[in-house]
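Okay, so here's the structure we're looking at.
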Amino acid sequence: MSEAQATFAPESILGLSKSAKKQWELGQVRLIAAGTLADDGTLQRSSDADATWQVSIRSIEKEASFSPALPAQVITLVAGDFVELTVDGEQHGLEPLRPLKFTTDAPVEASQPTEELLTVYVAADPQKVRPTVRIVELSKKREQHLFDGQLGILLQGSAALLLGEDQQPVNLRDTVAGSDAREPRISGRGVMAVVSFDLV
């Protein structure tokens with residue numbers, strides 16, 4: 031695998047429509063990206079077996095429990111109004127655009143939703159990677175920069191990826207990889223989830 035293939039190039043947009051639908055315990059899942067975090071802080075592609083982090087879009091359609099993909103998790107409700115998660119016997123309300131962060135190896139229980147929900151699901155190996163999710167409001171006046179170790183997922187509205195003088199449209203729930211060297215910027219109106227991975 032070449033270096034270009036191993037890293038997530040900032041000039042390429044990870045389209046949600048290109049990811050295959052699979053099932054998980056609560057509904058459907060589309061894997062956006064999975065890999066490792068290099069010593070220089072860049073995101074590297076890897077097989078699922080070797081991945082120390084992953085990002086996916088997952089639906090919650092029923093009451094059930096699920097086993098964590100990796101122990102450190104951040105779940106953000108991006109469509110729908112509310113669901114309750116029970117983590118290690120403690121109940122947490124998952125509210126729209128409010129990332130819920132926890133670490134557990136035990137199954138997590140979800141309550142019965144009143145409608146189909148969509149979440150951004152981030153998971154990582156807490157021994158190697160620290161995940162965070164920040165919800166940002168996009169503005170045409172102030173561009174959102176994405177750096178090494180970051181992925182930006184468009185949750186609402188419309189946006190464009192700017193690389194130098196080049197511009198590409200970003201569709202709803204598409205993902206852009208960050209880069210210190212190429213300095214990708216996002217311009218638009220809407221809401222974006224900025225997923226960051228840092229070395230422990």
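If you read the sequence shown in the numbering used here, its first letter stands for residue 31, the second for the next number, and so on. Heads up, the beta-carbon is just placed ideally off N, CA and C, and yes, glycines get one too. The structure displayed is predicted, hence computed values, not measured ones.
Residue 50: not part of any alpha helix (DSSP H); DSSP gives it neither H nor E. In the structure shown, residue 36 adopts helical secondary structure according to DSSP, grouped into three states. Looking at the backbone, the Cα of residue 69 and that of residue 229 are separated by about 8 Å. Spanning the alpha carbons of residue 206 and residue 139 requires a straight line of approximately 31 Å. Per the coordinates, the alpha-carbon of residue 60 lies some 20 Å from the alpha-carbon of residue 39. Counted as a single uninterrupted DSSP element, the stretch harbouring residue 204 is not any beta strand (DSSP E), since DSSP gives it neither H nor E.
Within the segment 54-126, the runs of beta strand (DSSP E) at least 3 residues long that lie entirely inside it are, in chain order, 57-67, 73-75, 83-90, 94-96, 102-109, 113-117, 120-124. For the pair of segments examined, the segment 98-114 was found not to touch the segment 208-219: the number of CB pairs separated by less than 8 Å stays below three. Cα atoms of residue 115 and residue 122: separation of roughly 5 Å, rounded to the nearest angstrom.
Residue environment for residue 64: buried (at least 16 other C-beta atoms within 10 angstroms of its C-beta). In the structure shown, the three-state DSSP call for residue 156 is coil.
When the five nearest sequence neighbours on each side are left out, the beta carbons in the same chain lying within less than 6 Å of the beta carbon of residue 124 are those of 107, 113, 115, 130, in order along the chain. In summary, residue 202 is exposed, with fewer than 16 beta-carbon neighbours lying within 10 Å of its beta-carbon over all protein chains present. Around residue 188, the same chain offers 218, 219, 220 as residues with beta carbons nearer than 7 Å, after the five sequence neighbours per side are excluded.
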